[in-house]
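Written below as structure tokens is the structure these notes are about.
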Amino acid sequence: MITAMSSVFDRMDAATIAAWDGLTGLQIQLLRVVATGMRVDRQSLGVWTRTSRGALVPSLAALLQRQVLEEQVDREGPHLVVAPTGEALLARVHRARTRWLRDAAAAAEPAVDEGELRRAVELLRRVADGA
9 MITAMSSVFD RMDAATIAAW DGLTGLQIQL LRVVATGMRV DRQSLGVWTR TSRGALVPSL
69 AALLQRQVLE EQVDREGPHL VVAPTGEALL ARVHRARTRW LRDAAAAAEP AVDEGELRRA
129 VELLRRVADG A
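With the numbering used here as the guide, the letters of the sequence shown map in order to residues 9 to 139.
Below you can see the structure in the form of structure tokens.
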């Protein structure tokens, strides 16, 4: 199952890379971590992504400059959030991935129907909820 999931994600990522609007692999990873909704600041983002400060600083600066991410400050201190531009980007990526998955399902031999896709989604959600 892991091998099959990895193969699907690798092919989907390769086919939908243009939807990321020119972000680097590290920038995509940074955005995805912040998009989880987990509270992260600049330092903890580096820890979560296992990225050195030297690599993190310019990549994060570019995301902040492009207004994909923004830094907010509350009583607990500064933290990063996905900005409206980043939300729109993630929505485009989601649509591109959805199209890719539907096209790949239709091209499979035999074709994968909507019911099979829904069951796969339910299975993966249950697994994710159990983690």
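Think of the CB as a built atom: it goes at the ideal place given N, C-alpha and C, for glycine as much as any other residue.
Task: For Arg105 and Glu84, the rounded distance between their alpha carbons - done: 36 Å
Open item on the list: Taking only three categories from DSSP, how would you classify Leu132?
Closed with: helix
Task: Cα-Cα separation between Ala91 and Ser15, rounded to whole angstroms - done: 31 Å
TODO: Compute the distance between the beta-carbons of Leu77 and Val42, then report whether it is under 8 Å.
DONE: yes
TODO: Please report the residue range of the beta strand (DSSP E) in which Pro86 lies.
DONE: 85-90
TODO: Using DSSP bridges, identify the partner residues of Asp82.
DONE: Gly85
Open item on the list: Using a Cβ distance threshold of 8 Å, determine whether the region 59-66 contacts the region 94-113, with at least three qualifying pairs required.
Closed with: no
Task: Distance between Gln35 and Leu109 (C-alpha atoms, nearest Å) - done: 23 Å
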